[in-house]
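First up is the structure itself, then whatever we jot down about it.
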Amino acid sequence: RPVGVQLFGANGEAMGEAARKIIDWKEPDFIDLNFGCPVNKVVSKNGGSSLLRDCPVLAQVAGGVAKAVAPGVPVTAKIRIGWDATSVNAPHVCRLLEDCGVRAIAVHGRTRAQGYSGEADWEVIGECAAAVSIPVIGNGDLASGADVALRKATTPVRGAMIGRAAMQHPWIFQETKHYLATGAHPEPVPAEEKWRFMLRHVRLAIEWGRYGKERTTIQSMRSRLMAYSKGLPGGKHLRSRFATIESVAQIEDLAAEHLAWMAERHLQPA
């Protein structure tokens, strides 16, 4: 805690009903509305960033959900700066969301057309933060504590959201807190800790059972394990090994082998 549940859709009444059911079921601390997702399977259902092209429907959804869950559960939203470079409308959308009762907005600094290419436009994110009185949280191209500190110092955002960087390096949050508190970069995460984390993640995923039994679960996690290995000495070799790994025992053996190899050469993570 706190934990929120994110919804997407284009029907305010149905979304409001869904939000109430989720609150009764899981008691989240907030409901988040997804007006930012760029992927086709969401946009094709008139969800995510597609509503940036239809502000009346966006307002209907936001207002419908906010009214349905008021006053107990706050509603937040995630948006992009616009559909494409010719329709950057995020400051207007932020004002609209504030009027609908949304309590905080996360703004990703790219258009839907950009996907994840190019650079995030923090100037527009700053304009969004200046346009409303509710908190605006900036998102895009944040890969270190120094990145977060820079954006907090140069824009009026009230917070920062880290996305893709956390998928390969979940320690980024504690490292960012350390940097903001001290102005110094923390020591690299020890290799032993990375391996403990990888094994814990795998075991939890197997216990959860969403991807089937051990073999199919680990096969589904290969790309995640490859991402976690970034920064470890011999990372290229590790990634080739992860491409064929199928059991917890194999991961344990690889961890022991890799840590012994590092110790022999007195190597440390980057």
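Going by the working numbering, 112 is the number at position 112 of the sequence shown; the sequence numbering is gapless. Backbone N, C-alpha and C fix where the C-beta goes; we use that ideal spot for every residue, glycine too. Quick caveat: nothing in here was measured; it's all calculated off a predicted structure.
Around the beta-carbon of L204, fewer than 16 other beta-carbon atoms lie within 10 Å, marking it exposed. According to the DSSP assignment, G109 belongs to the beta strand (DSSP E) that extends over 104-111.
Under DSSP, L33 takes part in a beta bridge, and its partners are L7, A77.
Cβ-Cβ distances below 7 angstroms link M167 to A227 in the same chain, with the five nearest sequence neighbours on each side left out; the list follows chain order.
Only buried fits W195, as 16 or more other CB atoms lie within 10 angstroms of its CB. A106 is positioned such that its CB atom lies no closer than 9 angstroms to that of L142.
In this structure Q114 is buried. Its beta-carbon is surrounded by 16 or more other beta-carbon atoms within 10 angstroms.
Excluding its 5 nearest sequence neighbours in each direction, I218 has C-beta neighbours in its own chain below 7 angstroms: V202, I245, E246, S247, listed in chain order.
Boundaries for M221: no beta strand (DSSP E) harbours it, and the DSSP string shows neither H nor E there. Non-local C-beta neighbours of P190 in its own chain, meaning closer than 6 angstroms and more than five positions away in sequence, are absent.
About 13 angstroms separates the beta carbon of T176 from that of G138, a gap too long to meet the 8 angstroms contact definition. Rounded to whole angstroms, the separation of the alpha carbons of R265 and N89 is 54 angstroms.
The beta carbon of S220 sits closer than 7 angstroms to the beta carbons of Y211 from its chain, once the five residues preceding and following it are set aside; these are given in chain order. Taking a cut-off of 8 angstroms on C-beta distances, the segment 21-31 does not touch the segment 77-97, as fewer than three cross pairs fall below it.
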